[in-house]
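Asks: Mind looking over this structure? Questions follow.
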Amino acid sequence: FYLKVNKAGSCTLQAMFNKYADKHNQIVGMPCSNSGGERHLVGWPEPFKPEHLIPLSKNYTYWEHLNEHIKYSSKIKQVMAPGSVFIASIREPLSHFFSYYNFYQMEKTYKGYLKEPNKFKYFLDNIKTMRHLELIHHMPPSNPIAQCFGIKQEEQYNITAIQEKINEIEMEFDLVILAEFMDESLILLTECSDLTIEDVVILKNANVKNIKKSKPILTPNEYENLIQWNLADSMIYNHFNKTLWEKIDNFGRHKMAIKI
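Everything in the sequence shown is counted per the working numbering, starting at 3 for the first residue and increasing by one.
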């Protein structure tokens, strides 16, 4: 299972997992819950339910791959084959939110609240006056990573609830990929799954390469406001940034460098 988190290298990773499934003739779950431009958002904004997927034929019991935009729920375990590996990808909060802000056209949603010359920086400078307005495709304006993992909107600034969600992710996911450290993450992926180096080398992709470059220059106050607006996302990223490097140390940095 791959939790496809918006604007975190997810389209490239989805293509990789789907290619692997096709190569090995595995059963891939497909959405049926939304139509048109929202078809790829499985059941969104509801937490995942099995009925959000096209039903399996009577000859099959479980999906072997599910690589879509989903609001995570433990019910996913009901439809995945026993022993499935659970993977997600996330991204550093500043570059992620800047990309998300542009992709989901937040300037249009907040047009009555923003001013020139730099509307993104104006948003951050005045963030305490900004309302939480629903974006296109029913997407949230804040903490999109945390909400993909299933945190409730009313809990996105509750430290206890965020920590409980982090603990849940830690228990239920085998690996959380960091987009900024894609090469290292993919080496670890080959260690916890059946994918080989040959399966993951397709990721020399322009979108992934540009992830590290997609950052505006902010003042310390603007950066702090962005972090507070996306508090749950920031806490999730900080935790899994730390644990990724713990995994890399356990793997061996010299060994990792050779593999890369």
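Note that beta-carbon positions come from the ideal geometry of N, C-alpha and C, so glycine has one too. Note that the coordinates shown come from a computational prediction; the quantities given were computed from them, not determined experimentally.
Between which two residues does the beta strand (DSSP E) carrying alanine 90 extend?
Replies: Along the sequence shown, read from residue 1 onward, the residue named residue 90 stands at position 88. Looking at the DSSP string, the run of the beta strand (DSSP E) that includes alanine 90 is 89 to 92.
Asks: Could you check the C-alpha separation between tryptophan 46 and proline 143 for me, to the nearest Å?
Replies: Within the sequence shown, numbered from 1, the residue matching residue 46 stands at position 44. Within the sequence shown, numbered from 1, the residue matching residue 143 stands at position 141. Those two C-alpha atoms are separated by around 15 Å.
Asks: Within 10 angstroms of its Cβ, does methionine 18 collect 16 or more other Cβ (buried), or is it exposed?
Replies: Here residue 18 is taken as the residue at index 16 of the sequence shown, counted from 1. Buried is the call here.
Asks: Can you tell me whether proline 95 is buried or exposed, with buried defined as 16 or more other CB within 10 angstroms of its CB?
Replies: On the sequence shown, position 93 is the one that residue 95 refers to. With 16 or more other Cβ atoms within 10 Å, it is buried.
Asks: Roughly how many angstroms separate the alpha carbons of alanine 208 and proline 49, rounded to a whole number?
Replies: What you label residue 208 is simply residue 206 of the sequence shown in a count that begins at 1. What you label residue 49 is simply residue 47 of the sequence shown in a count that begins at 1. With a pLDDT of 46 at alanine 208, under the threshold of 50, the modelled position of this residue cannot be trusted; read the value that follows with caution. Going from the Cα of alanine 208 to the Cα of proline 49 covers about 32 Å.
Asks: What runs of the alpha helix (DSSP H), each 4 residues or longer, lie entirely inside the stretch 41 to 126?
Replies: The qualifying runs are 78 to 81, 95 to 105 and 108 to 111.
Asks: Along the chain, where does the beta strand (DSSP E) that runs through leucine 177 open and close?
Replies: Sequence index remark: in the sequence shown, residue 177 carries index 175 (1-based). Start and end: 177 to 180.
Asks: State whether the stretch 3 to 12 contacts the stretch 86 to 95, with contact taken as three or more CB pairs (one from each stretch) at a distance under 8 Å.
Replies: Yes: at least three Cβ pairs fall under 8 Å.
Asks: Going by the CB atoms, is the gap between lysine 117 and tyrosine 106 shorter than 9 Å?
Replies: The residue you call residue 106 lines up with position 104 of the sequence shown. The residue you call residue 117 lines up with position 115 of the sequence shown. No, the pair does not count as a contact, with Cβ atoms beyond the cut-off.
Asks: Does the stretch 219 to 234 come into contact with the stretch 158 to 173, if we say contact requires no fewer than three beta-carbon pairs (one atom in each stretch) closer than 8 Å?
Replies: At 8 Å Cβ cutoff, the stretches touch.
Asks: Do leucine 180 and leucine 246 come within 9 Å of each other at the CB atom, strictly closer than that value?
Replies: Taking the sequence shown and counting its residues from 1, one reaches residue 246 at position 244. Taking the sequence shown and counting its residues from 1, one reaches residue 180 at position 178. The answer is yes: Cβ separation under 9 Å.
Asks: Roughly how many whole angstroms lie between the Cα atoms of glycine 85 and histidine 67?
Replies: Here the question's residue 85 lines up with position 83 in the sequence shown. Here the question's residue 67 lines up with position 65 in the sequence shown. Cα-Cα distance, rounded: 12 Å.
Asks: I need the DSSP call for proline 218, collapsed to helix, strand or coil.
Replies: Here residue 218 is taken as the residue at index 216 of the sequence shown, counted from 1. It is coil, neither helix nor strand.
Asks: Since valine 30 sits in a beta bridge, which residues does DSSP pair it with?
Replies: Against the sequence shown, residue 30 aligns to sequence position 28. According to DSSP, which records beta bridges pairwise, valine 30 is partnered with His67.
Asks: When DSSP labels each residue in this structure, what does leucine 5 get in the three-state scheme?
Replies: On the sequence shown, position 3 is the one that residue 5 refers to. If DSSP states are grouped into helix, strand and coil, leucine 5 belongs with the strands.
Asks: Since lysine 77 and lysine 60 are thought to touch, with beta carbons under 8 Å apart, how far apart are those beta carbons, to the nearest angstrom?
Replies: Here residue 77 refers to the residue found at position 75 when the sequence shown is read from its first residue. Here residue 60 refers to the residue found at position 58 when the sequence shown is read from its first residue. In fact, because the Cβ distance is near 21 Å, the residues do not count as touching under 8 Å.
Asks: State the CB to CB distance for the pair isoleucine 153 and alanine 163, rounded to an integer number of angstroms; the pair is presumed to be in contact (CB under 8 Å).
Replies: Here residue 153 corresponds to residue number 151 of the sequence shown, with the count starting at 1. Here residue 163 corresponds to residue number 161 of the sequence shown, with the count starting at 1. Confirmed, Cβ separation roughly 7 Å.
Asks: For the alpha helix (DSSP H) that serine 195 lies in, which residues bound it at each end?
Replies: The count along the sequence shown starts at 1 and reaches residue 195 at position 193. Element bounds for serine 195: n/a, residue is neither H nor E.
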